[in-house]
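Chains Y and U supply the protein sequences, listed in that same order. The first sequence stops at residue 832 when you use this note's numbering, and every number in between is there. The second sequence stops at residue 134 when you use this note's numbering, and every number in between is there. Backbone N, C-alpha and C fix where the C-beta goes; we use that ideal spot for every residue, glycine too. These notes are about the structure you will find just below.
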Amino acid sequence: MANLGTFILLITFVVASYAVAASVAGARRRSARLIESGTGAFYLVTALMTVASALIVHAFATNDYSIKYVQRYSDAAQPLFYKLTSYWGGLDGSIMFWVFLLAVFGSIAVYVNRDRHRELIPYVVATISIVQMFFIFLMVIHNNPFETFLADAPRDGRGLSPLLQNFYMAIHPPSLYVGFVGMTIPFAFGIAALATGHLDDSWLRAVRRWTMMAWLFLSFGLTLGMLWAYEELGWGGYWMWDPVENAGLLPWFTATAFLHSVMVQERRGMLRVWNVALVIVTFFLTIFGTFMTRSGIVQSVHAFGEDRELAWMFTIFMICLLTISFGLVIWRLPLLRARNELDSWVSREAAFLVNNWILLFCAFFVLFATMFPTLSEAVTGERLTIAAPFFNKWMAPIGLILLFLTGVGPLLAWRKSTLINLQNQFLFPVSCGLVAGAAVVALGVRIWSSGLCFALSGFVFGTITQEFWRGARVRQGATGSDIVTALIGLVARSHRRYGGYIVHVGIVLIFLGFAGESFKKEEQAILKPGEQVAIDRFVVRHEAIRVTDDGQKQMVTADVTVLSDGRVLGRMHPAKWFFRKHEEEPTTEVAIRRSFSEDLYLTLAGYEMQAQAATYKVTINPLVNWIWAGFGVLAVGTLIALMPESAFAFAAARVPAGAVTTALFLLMLFTPARVVAQEHVEDPQTVVVVPRTPLEKDMQRELVCICPTCGKKNIAECTCPVAGRMRSELAEQVKLGKGRDDIRAWFVGRYGSQEPLGAPLDRGFNRLAWVFPYLVGGASLLGVGIVVSRWKKKEGDASRAAGDSAEAAMQAPESRSDALNARLDDELRDLE
Amino acid sequence: MAPRAFAKIGLTAIVIVGALCALMYATLREGTEYYKHVEEVMAQPDAWYGKRLQLHGFVVKDSILKRRDSLDYQFKIESEGAVVGARYSGIVPDTFKSGSEVVLKGRLSPDGFAVEPDGVMAKCPSKYEPKAGG
């Protein structure tokens, strides 16, 4: 098996190099057959990587410990779900997973654009293949995941680190990788455009959606990382400017900048060099981030080990990358002349330009500060470290400026805003901001950064509300429908623009969450049974400590009562878990009492069994849940911006639909983003259901808690009453002497869906289980492919239609009436 | 582009970049800490008094003292033979034990190393990578 894997990697390398050679040669000689053959080889790489991935996943699923990588990152006791996710748990596998994703994405991008951007395709294929070759080279030479033990193989694996055996950690890396890999596609198209000289805006159109999608995944990955840090590491925060976190943030900044500046190029034909440069820099930063975390060049809590040789390979690759890319840019400078000049600094393009500079500054500041310890050691020989306060000191004001621009940008007109224009546009948002600011001061907030953040959030909300309101009014006037239908029609008509505004709403919510951080409170206390500590409006009383064991780990659980104003709010159960084989690194199981305004966050820091005493760290985290909710809104906004026109066809129809249906649609749209009210309540009685039979124990790990807030913990681990109920139901079923499949069926029937079955099914399915992810992945890719190709067709029609209507509007008799002007403006904006 | 406009833009850019650099330099001074091993510091301790340090060493075997019913710790850390006493008050990480590798944040004074709140970072041998040889 392992030999086959290594062999496949070698073959893939050869095939990829053929893809490069054939497509470049084909493009130069204008030989369609060569190009086609190169593209075919490119698809073949994807197929081969899929087989290689299947092999390693199979090895994990069947506990093949003769492969070193499998032995290091899994063991027999691990649930099947985590065995599968161990694929990307370590360095070697994560590189392979990277190549696999890149191959898949590249193939889709090439397939979708094969007719539309025929002239670019050979160079796109070549560029992506070269990146693939680099990573395959790394694997074959240095980090082969298929490496085997030469002598006899160990019986059991060492197991994935318990910290990574967490639902968020299982999906966080893939999401980040998809984001990173997605950024390769715009880069490849950019390079192809530079190489061929087809530098009109068509390559931008090809990559716009890709960038947006990659950006969404990147945001998702970052949010999951924060959630993981918050819930699993137990230090009370979610972001500490660790180099690995920063690595994910760097391309996020530049990609955000690109998504904004691309609009300026489309509208005004400016910033063309800038856009190409941003695409290159974004891609470079994804590679640099990988380099930073894989080579041990910076010290970090969760970097992979140090590795000089790897560092050199990466350095050489990055130098080549920068030289070639920017060499191409310089060579093509004459073709990249701007078609327009900046007319005025009081214009939307100027606001975007400033926004771009600031985002770029963010990226380079974070890069500089992250690399500073390494740089200072190289230059002076002294290792100076930079702590989180330094980052915060800089990033807080910069963030506020960005927030301010978020509100300003949409209010300014393209080209030039007149004074009357400004008065008209700014009146409402500025008064919103002032009201918010005044309210905050009146409530007694004395921290300038947070106070300003609240005021600015008010301003941005004002801006967005005004944009939606005015747009809807104009549309209402034009179509004669009710306001809700008009609003939907508006979003449908220019969904990129209004989707973007919804993203801004999400960003504002996230900023509010960050602002809450300043009001964090923290207490540490040693408590004997019955003693209590007061924090904010809560009183935390220690009751007892218990030790239980479930076969995979020993659990030390504390029993805590939370009171407020003398009233008992509930029980909480912070714990420490000692996993077998990882006794040296116990995991901290945080107990969180979530609510809209703040989280009560409780960690068990230490304990004394004899005295039943426990050391607690109690933290009040105000507004953190707004960050997660903000991401929900952001995702909805991005999806709206990504959606094809046809998805909105029904809403854009002129027939004024009933207000009820439209309202329902709106509700549906915002449901995913609704703040989940606290349902996951820690409860003492629930922890003690000890499984009596192996079947019950097994099933406890297989079934997941169905309450919406505990992140699909399995019911053996989850401490909320819902899980408790499910556990006792399970115990009952086992007592009745039912078998595994019967119990499964019973649960599916009881809860009306497959929701309680969390992990992929095991045992009888074991052979098939490893195919499962591929089937799902394949089906979804197919779906994505079909949708994307349909977009392509629709896009052409839509832009033609929009062109016609704009022309018609132009020919309309000149009128000074404001309403018509506004409508005209609206129609023109739709061209965006 | 007219030379005048060019000069204007150039000047603005220089002023902005200069101001940023000055700010950065100023804040870097207070934001940074020296990262040192015990023996580097103890070779000439008085040179380091009062400076913010991150001190890297190993906890001396059986040197951890904890006051009953409190979170006050006293312990010694050493590396390459040099030893320094340290005081800390607060919660320590799980991996803080006799013999474990730690990085302490704080300031050195003639009567030992005063660790600032949350300043004990135990370098666990791994988060992603398993223990060497284990």
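**Item:** Neighbour flag for E33 of chain U against chain B, beta carbons, 9 Å
**Value:** As a matter of chain content, chain B is missing from the structure shown, whose protein chains are Y and U.
**Residues near E847 of chain Y by beta carbon distance below 7 Å, same chain, minus five either side** = Given that chain Y is displayed from residue 1 to residue 832, the structure contains no residue 847 of chain Y and the question cannot be resolved.
**Prompt:** In whole angstroms, what is the alpha-carbon distance linking V540 of chain Y and R107 of chain U?
**Reply:** The C-alpha of V540 of chain Y lies about 33 Å from the C-alpha of R107 of chain U.
**Asked** What residues in the region 55-88 of chain U have a beta carbon less than 8 Å from any beta carbon of chain Y?
**Response** Cβ contacts with chain Y: D69, S70 and L71.
**Prompt:** Which class does S37 of chain Y belong to by DSSP, given the choice of helix, strand or coil?
**Reply:** Here S37 of chain Y sits in helix by DSSP.
**Request:** Leaving out five residues on either side along the sequence, give the residues of the same chain with a beta carbon under 6 Å from the beta carbon of V445 of chain Y.
**Result:** Same-chain partners within the cutoff: G451.
**Message:** Check whether chain U comes within 9 Å of K83 of chain Y, counting only Cβ atoms and requiring the distance to be less than that.
**Reply:** No, because no Cβ of chain U sits closer than 9 Å to the Cβ of K83 of chain Y.
**Asked** Under the three-state reduction of DSSP, which class applies to K528 of chain Y: helix, strand or coil?
**Response** The answer is coil: DSSP assigns K528 of chain Y none of H, G, I, E or B.
**Request:** Identify every residue that forms a DSSP beta bridge with R546 of chain Y.
**Result:** R546 of chain Y is bridged by DSSP to Y:T557.
**Request:** Take L353 of chain Y as the anchor and find which of Y:H260, Y:F137 and Y:A247 has the nearest alpha-carbon.
**Result:** Comparing alpha carbon positions, the residue from Y:H260, Y:F137 and Y:A247 closest to L353 of chain Y is Y:H260.
**Prompt:** Which runs of the alpha helix (DSSP H) fall wholly inside the region 152-217 of chain Y and span at least 4 residues, in chain order?
**Reply:** Runs of the alpha helix (DSSP H) spanning 4 or more residues and lying entirely within the region 152-217 of chain Y occur at 167-196, in chain order.
**Message:** I'd like to check one pair, A525 of chain Y with T385 of chain Y: are the Cβ atoms closer than 9 Å?
**Reply:** A525 of chain Y sits away from T385 of chain Y, with the two beta carbons spaced by 9 Å or more.
**Prompt:** Does E382 of chain Y come within less than 9 Å of chain U when only Cβ atoms are used?
**Reply:** Chain U has a Cβ within less than 9 Å of the Cβ of E382 of chain Y.
**Asked** Which residues does DSSP pair with A588 of chain Y in a beta bridge?
**Response** Sequence check: residue 588 of chain Y is Thr here, not Ala. When beta bridges are read from the DSSP output, T588 of chain Y appears opposite Y:K576.
**Prompt:** Checking contacts by CB at 9 Å: is K617 of chain Y closer than that to chain U?
**Reply:** Yes, contact with chain U.
**Neighbourhood of I128 of chain Y by C-beta, 6 Å cutoff - its chain only, sequence neighbours within 5 removed** = Correct list, in chain order: G106 and A188.
**Asked** Leaving out five residues before and five after T223 of chain Y in sequence, what residues of the same chain have Cβ atoms less than 8 Å from its Cβ?
**Response** Answer for T223 of chain Y: I627, W628 and F631, listed in chain order.
**Message:** I need the straight-line Cα distance from F253 of chain Y to F284 of chain Y, nearest angstrom please.
**Reply:** One C-alpha to the other measures close to 13 Å.
**Message:** Run through chain Y and tell me which residues come within less than 8 Å of G90 of chain U, C-beta to C-beta.
**Reply:** The answer, in chain order, is Q524.
**Message:** Does chain Y have any CB closer than 9 Å to the CB of D111 of chain U?
**Reply:** Not one chain Y Cβ lies under 9 Å of D111 of chain U.
**Message:** Is there a Cβ of chain Y sitting closer than 9 Å to that of K8 of chain U, yes or no?
**Reply:** So, not an interface residue.
**Prompt:** What separation, rounded to the nearest whole angstrom, lies between the Cα atoms of M726 of chain Y and E732 of chain Y?
**Reply:** For M726 of chain Y and E732 of chain Y, the distance between alpha carbons rounds to 10 Å.
**Local conformation of S107 of chain Y per DSSP, three classes** = In the structure shown, S107 of chain Y sits in a helix (DSSP, three-state: H, G or I).
**Request:** Taking 8 Å as the threshold, find out whether the region 550-558 of chain Y comes into contact with the region 569-584 of chain Y through three or more Cβ pairs.
**Result:** Put simply, the region 550-558 of chain Y touches the region 569-584 of chain Y. At least three CB pairs are less than 8 Å apart.
**Request:** Using 10 angstroms around the beta-carbon of D549 of chain Y, count the other beta-carbons present and answer buried if the total reaches 16, otherwise exposed.
**Result:** Classification for D549 of chain Y: exposed.
**Request:** To the nearest angstrom, report how far apart G182 of chain Y and V262 of chain Y are at their CA atoms.
**Result:** When rounded, the distance between both Cα atoms is 17 Å.
**Asked** Going along the chain, which residues of its own chain have a beta-carbon closer than 6 Å to the beta-carbon of S63 of chain U, five neighbours each way excluded?
**Response** These residues qualify, in order along the chain: F75 and K76.
**Request:** Verify the CB distance criterion: does E245 of chain Y have a CB-CB separation below 9 Å to chain U?
**Result:** No, E245 of chain Y lies away from the interface with chain U (no Cβ there is under 9 Å from its Cβ).
**Message:** Looking at chain U, is there any beta carbon in it that lies within less than 9 Å of the beta carbon of A613 of chain Y?
**Reply:** Chain U places a beta carbon closer than 9 Å to that of A613 of chain Y, counting this residue as a contact.
**Those residues which DSSP pairs with R52 of chain U across a bridge** = Per DSSP, U:R107.
**Reference F461 of chain Y; option with closest CA among Y:Y177, Y:F426, Y:R493 and Y:S494** = When only C-alpha atoms are compared, the closest one is Y:F426.
**Message:** Measuring straight from C-alpha to C-alpha, what distance separates L216 of chain Y and T638 of chain Y?
**Reply:** Approximately 7 Å, taken between the alpha carbons.
**Message:** In this structure, how does DSSP classify S17 of chain Y when only helix, strand and coil are distinguished?
**Reply:** Residue state, collapsed to three classes: helix.
**Request:** Check distances from the C-beta atoms of the region 389-406 of chain Y to those of chain U and list, in chain order, the residues that come in under 9 Å.
**Result:** Residues of the region 389-406 of chain Y with a Cβ closer than 9 Å to any Cβ of chain U, in chain order: P389, F390, F391, K393 and W394.
**Prompt:** Would you say D38 of chain U and Y88 of chain U are within 9 Å of each other, going by their C-beta atoms?
**Reply:** Looking at the sequence provided, one finds Val at residue 38 of chain U rather than Asp. No, Cβ-Cβ distance for V38 of chain U and Y88 of chain U is not below 9 Å.
**Prompt:** According to DSSP, what are the bridge partners of S89 of chain U?
**Reply:** S89 of chain U is bridged to U:D72.
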